[in-house]
Amino acid sequence: MLAGIEKKKSPTLKDVAAVCGVSYQTVSRVINNAPNVKAEVRQRIEAAIEELGYAPNLAARRMGGNRSYLIIAINDRARTLDNWKVGRGNDWVDQMLYGAMMECEEHDYRMLFELVDTESSMATKQLERALSSLRPDGVILTPPHNENQELANLLTKNGTPFARIGSSRHDDGINVMMDDKAAAVTATDHLIALGHEKIAFISGSPEYLASKLRLEGYREAMAKADLSIDAAWEQPGDFSFDSGMTGARSLLDTSNPPSAIIASNDEMAFAVLHVANGKNIEVPVQLSVISFEDTPGARFSVPPLTAIRQPTAAMSERAAHELIAAKGNLPAVTDHVVEFQLIIRETTGHFNG
Numbered sequence: 004m005l006a007g008i009e010k011k012k013s014p015t016l017k018d019v020a021a022v023c024g025v026s027y028q029t030v031s032r033v034i035n036n037a038p039n040v041k042a043e044v045r046q047r048i049e050a051a052i053e054e055l056g057y058a059p060n061l062a063a064r065r066m067g068g069n070r071s072y073l074i075i076a077i078n079d080r081a082r083t084l085d086n087w088k089v090g091r092g093n094d095w096v097d098q099m100l101y102g103a104m105m106e107c108e109e110h111d112y113r114m115l116f117e118l119v120d121t122e123s124s125m126a127t128k129q130l131e132r133a134l135s136s137l138r139p140d141g142v143i144l145t146p147p148h149n150e151n152q153e154l155a156n157l158l159t160k161n162g163t164p165f166a167r168i169g170s171s172r173h174d175d176g177i178n179v180m181m182d183d184k185a186a187a188v189t190a191t192d193h194l195i196a197l198g199h200e201k202i203a204f205i206s207g208s209p210e211y212l213a214s215k216l217r218l219e220g221y222r223e224a225m226a227k228a229d230l231s232i233d234a235a236w237e238q239p240g241d242f243s244f245d246s247g248m249t250g251a252r253s254l255l256d257t258s259n260p261p262s263a264i265i266a267s268n269d270e271m272a273f274a275v276l277h278v279a280n281g282k283n284i285e286v287p288v289q290l291s292v293i294s295f296e297d298t299p300g301a302r303f304s305v306p307p308l309t310a311i312r313q314p315t316a317a318m319s320e321r322a323a324h325e326l327i328a329a330k331g332n333l334p335a336v337t338d339h340v341v342e343f344q345l346i347i348r349e350t351t352g353h354f355n356g
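Under my numbering, think of the first position of the sequence shown as 4, with each following residue one higher.
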């Protein structure tokens, strides 16, 4: 049916070079905005690109210099897959991808999402393979990989710029962070200001530094207000809905339940609301609940969830921006603190004891 009809081909870098009477290397230098191209030649090539409708691919752009136009984001393999396998998805991952991908798109970069094991030796091998095959211009290390110094050392040795999204300052790489401890103080102070004294806390995964800092902030705020903490009010969790259910049941099945619960992420807070509903505990009349993250689902919970807004998209956007600005060169160690925000909705209210 298509016999005799010539298939229209997309123009190539060599087509542009032929039209302009220059080498394809010269065209590549123009595409990459490299110096040492005469203004008249540059204008001629740019006009030909426009007329032919040529869209440079990554391979063509790589010819003109030492950049790959790729940024890699490294994320926790086990936790991400566990969420996806049960159909829960992961709003934190969505926000992280959104911020970094939009920044990459702004600069004609591409971002790849790599899942890496948290076990150190496996993580190093997996990152080595990614660096060897992809040659990225930069790597974003998300929690808990942001605290893995072996990965940081590998990237430094390889000459690959990297940014850590997390909670602490380091002497290498670009540090983009939220003050998790201060955020926990703010969350606890909000409940104390509402008259709550019996405030419980459900922690996140222990391998995440943010979990430790948030617990420290809660304890600090309670101590500052001269409020004691019952040992049973600190419950372990791992950021999952199931661990939130377990923690909530342990807290609410006692003769001395708290009047408020802080959960280390939205998913565990949703679990607290679920358990409270099953026990006919009215939120916020009988129980106040507050979380960290403020993912999109927080607005649609019943009641809508009060939360510390963790600027995940803003952090990943800033990380990508700094890596692209480095243009493949190791930048100076820099710290960027992205502000959190307390978003008050309908799960926190005055103590009615």
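We treat Cβ as the ideally placed atom computed from N, Cα and C, and that holds for glycine.
field: Beta bridge counterpart(s) of residue 295 as assigned by DSSP
entry: The residue given as residue 295 occupies position 292 in the sequence shown. Note: residue 295 sits in a beta bridge opposite 311.
task: Below 6 Å CB to CB, which residues in the same chain sit around residue 210 once its five sequence neighbours on both sides are set aside?
output: Counted from its first residue, the sequence shown places residue 210 at position 207. So the list reads 147, once near-sequence residues are dropped.
task: Pull up the distance between the alpha-carbon of residue 186 and that of residue 318, whole angstroms please.
output: On the sequence shown, position 183 is the one that residue 186 refers to. On the sequence shown, position 315 is the one that residue 318 refers to. Cα to Cα, the separation comes out at about 15 Å.
- prompt: With C-beta atoms as the reference, is residue 127 less than 8 Å away from residue 158?
  reply: As a position in the sequence shown, residue 127 is number 124, starting the count at 1. As a position in the sequence shown, residue 158 is number 155, starting the count at 1. For residue 127 and residue 158, no; Cβs fall outside 8 Å.
- request: Please check if any C-beta of chain C sits within less than 8 Å of the C-beta of residue 71.
  value: The structure shown contains no chain C, having only a single protein chain.
task: Determine the contact status of residue 120 and residue 80, defining contact as a CB-CB distance below 8 Å.
output: Here residue 120 is taken as the residue at index 117 of the sequence shown, counted from 1. Here residue 80 is taken as the residue at index 77 of the sequence shown, counted from 1. Their beta carbons are under 8 Å apart, which means residue 120 touches residue 80 by this criterion.
query: Can you check whether the CB of residue 55 is closer than 8 Å to the CB of residue 31?
result: Taking the sequence shown and counting its residues from 1, the one referred to as residue 31 is at position 28. Taking the sequence shown and counting its residues from 1, the one referred to as residue 55 is at position 52. For residue 31 and residue 55, no; Cβs fall outside 8 Å.
- request: Compute the beta-carbon to beta-carbon distance between residue 309 and residue 351, rounded to the nearest angstrom, for a pair I have assumed lies under 8 Å.
  value: Reading the sequence shown from its first residue, position 306 is the one you call residue 309. Reading the sequence shown from its first residue, position 348 is the one you call residue 351. Residue 351 and residue 309 do touch by the CB rule: their CB atoms are close to 4 Å apart, below 8 Å.
message: Please classify residue 407 as buried or exposed, where buried requires at least 16 other C-beta atoms within 10 Å of its C-beta.
response: Outside the displayed range of the chain (4 to 356) lies residue 407, so it cannot be described from this structure.
- request: Determine the burial state of residue 180: buried for a count of at least 16 other Cβ atoms within 10 Å of its Cβ, exposed for fewer.
  value: Within the sequence shown, residue 180 is the residue found at index 177, counting from 1. Result: buried.
field: Contiguous beta strand (DSSP E) assignments of at least 3 residues, all confined to the region 127-188
entry: 141-144, 165-169 and 177-180
- request: Can you grab the Cα-Cα spacing for the pair residue 112 / residue 103, in whole Å?
  value: For the purposes of this step, residue 112 is taken as the residue at position 109 of the sequence shown. For the purposes of this step, residue 103 is taken as the residue at position 100 of the sequence shown. The alpha-carbon atoms of residue 112 and residue 103 are separated by roughly 10 Å.
query: Excluding five sequence neighbours on each side, which residues of the same chain lie with their C-beta closer than 6 Å to the C-beta of residue 132?
result: For the purposes of this step, residue 132 is taken as residue 129 along the sequence shown, with counting starting at 1. Within the same chain, residue 132 has no close Cβ partners at all.
- request: With distances taken Cα to Cα, identify the nearest neighbour of residue 171 among 197, 205, 277 and 217.
  value: For the purposes of this step, residue 171 is identified with residue 168 of the sequence shown, where counting begins at 1. Measuring from the Cα of residue 171, the nearest candidate turns out to be 217.
Contact belief for residue 203 with residue 293 at Cβ below 8 Å, rounded distance in angstroms: Translated into the one-based positions of the sequence shown, residue 203 becomes position 200. Translated into the one-based positions of the sequence shown, residue 293 becomes position 290. That pair is no contact at about 11 Å.
- prompt: Buried or exposed: where does residue 313 fall if 16 or more other Cβ atoms within 10 Å of its Cβ makes it buried?
  reply: As a working note, residue 313 is residue 310 in the sequence shown. Buried, because 16 or more other Cβ atoms sit within 10 Å of the Cβ of residue 313.
- prompt: Once you ignore the five residues that flank residue 27 on each side, which residues in its own chain have a CB closer than 7 Å to its CB?
  reply: Taking the first residue of the sequence shown as 1, we reach residue 27 at position 24. Around residue 27: 16, 17 and 20.
Status (buried if at least 16 other CB within 10 Å, exposed otherwise) for residue 295: Walking along the sequence shown from the start, residue 295 turns up at place 292. Buried, since its Cβ has 16 or more Cβ neighbours within 10 Å.
message: With three or more beta-carbon pairs closer than 8 Å as the criterion, would you say the region 192-208 touches the region 238-256?
response: Three or more Cβ pairs drawn from the region 192-208 and the region 238-256 lie within less than 8 Å of each other, which places the two stretches in contact.
message: Just to check my reading of the structure: residue 212 and residue 150 have Cβ atoms closer than 8 Å, yes? What is that Cβ distance to the nearest angstrom?
response: As a working note, residue 212 is residue 209 in the sequence shown. As a working note, residue 150 is residue 147 in the sequence shown. That belief holds up - the Cβ atoms of residue 212 and residue 150 are roughly 5 Å apart, short of 8 Å.
query: What residues in its chain sit with their C-beta under 6 Å from that of residue 339, if we drop five residues either side in the sequence?
result: To locate residue 339, count along the sequence shown from 1; it is residue 336. So the qualifying residues of the chain are 179 and 321.
field: Cβ neighbour criterion (16 or more within 10 Å) applied to residue 139
entry: In the sequence shown, residue 139 corresponds to position 136, counting from 1. With 16 or more other Cβ atoms within 10 Å, it is buried.
task: Give the DSSP-derived three-state secondary structure of residue 273 in the structure shown.
output: In the sequence shown, the residue the question calls residue 273 occupies position 270. If DSSP states are grouped into helix, strand and coil, residue 273 belongs with the helices.
- request: Using the Cα positions of residue 5 and residue 51, report the straight-line distance between them to the nearest angstrom.
  value: Working through the sequence shown from its first residue, we reach residue 5 at position 2. Working through the sequence shown from its first residue, we reach residue 51 at position 48. Residue placement at residue 5 is flagged as unreliable, the pLDDT there being 37, under the threshold of 50; the coordinate-derived value follows with that caveat. Their Cα atoms are separated by approximately 30 Å.
message: Quick check: residue 335 and residue 106, are their CB atoms within less than 8 Å of each other?
response: The sequence position of residue 335 within the sequence shown is 332, counting from 1. The sequence position of residue 106 within the sequence shown is 103, counting from 1. No. Outside cutoff.
query: What residues in its chain sit with their C-beta under 7 Å from that of residue 8, if we drop five residues either side in the sequence?
result: Reading the sequence shown from its first residue, position 5 is the one you call residue 8. Below a pLDDT of 50, predicted positions are generally treated as unreliable, and residue 8, at 34, falls in that range; the measurement from the model is reported next regardless. Within the same chain, residue 8 has no close Cβ partners at all.
field: Buried/exposed call for residue 196, threshold 16 Cβ in 10 Å
entry: Numbered from its first residue, the sequence shown carries residue 196 at position 193. Taking all protein chains in view, the Cβ of residue 196 is surrounded by fewer than 16 other Cβ atoms within 10 Å, so the residue is classified as exposed.
message: On the CB-based measure, 16 or more other CB atoms within 10 Å of its CB, does residue 130 come out buried or exposed?
response: As a position in the sequence shown, residue 130 is number 127, starting the count at 1. So residue 130 counts as buried.
message: Alpha carbons only, please: which of 328, 316 and 337 is nearest the one belonging to residue 94?
response: As a working note, residue 94 is residue 91 in the sequence shown. If we check each option's Cα against that of residue 94, 316 comes out closest.
query: Enumerated in chain order, which unbroken segments of the beta strand (DSSP E) with a length of 3 residues or greater are wholly contained in the region 202-279?
result: 202-205 and 263-266
- prompt: Along the chain, where does the alpha helix (DSSP H) that runs through residue 30 open and close?
  reply: For the purposes of this step, residue 30 is taken as residue 27 along the sequence shown, with counting starting at 1. Unbroken alpha helix (DSSP H) run through residue 30: 27-34.
message: Going by DSSP in three states, residue 70 sits in which element: helix, strand or coil?
response: Within the sequence shown, the letter at position 67 stands for residue 70. Assignment of residue 70 by DSSP, reduced to helix, strand and coil, places it in the coil class.
field: Exposed unless 16 or more other CB atoms sit within 10 angstroms - verdict on residue 10
entry: On the sequence shown, position 7 is the one that residue 10 refers to. Only weak support exists for where residue 10 lies, its pLDDT of 42 falling under 50; the value from the coordinates is given anyway. Exposed, by the Cβ-count rule.
Rounded C-alpha distance that separates residue 305 from residue 160: If you number the sequence shown from 1, residue 305 lands on position 302. If you number the sequence shown from 1, residue 160 lands on position 157. Each residue's alpha carbon lies about 50 Å from the other.
message: Given this structure, state the Cα-to-Cα distance separating residue 145 from residue 341, to the nearest angstrom.
response: Here residue 145 is taken as the residue at index 142 of the sequence shown, counted from 1. Here residue 341 is taken as the residue at index 338 of the sequence shown, counted from 1. Approximately 15 Å, taken between the alpha carbons.
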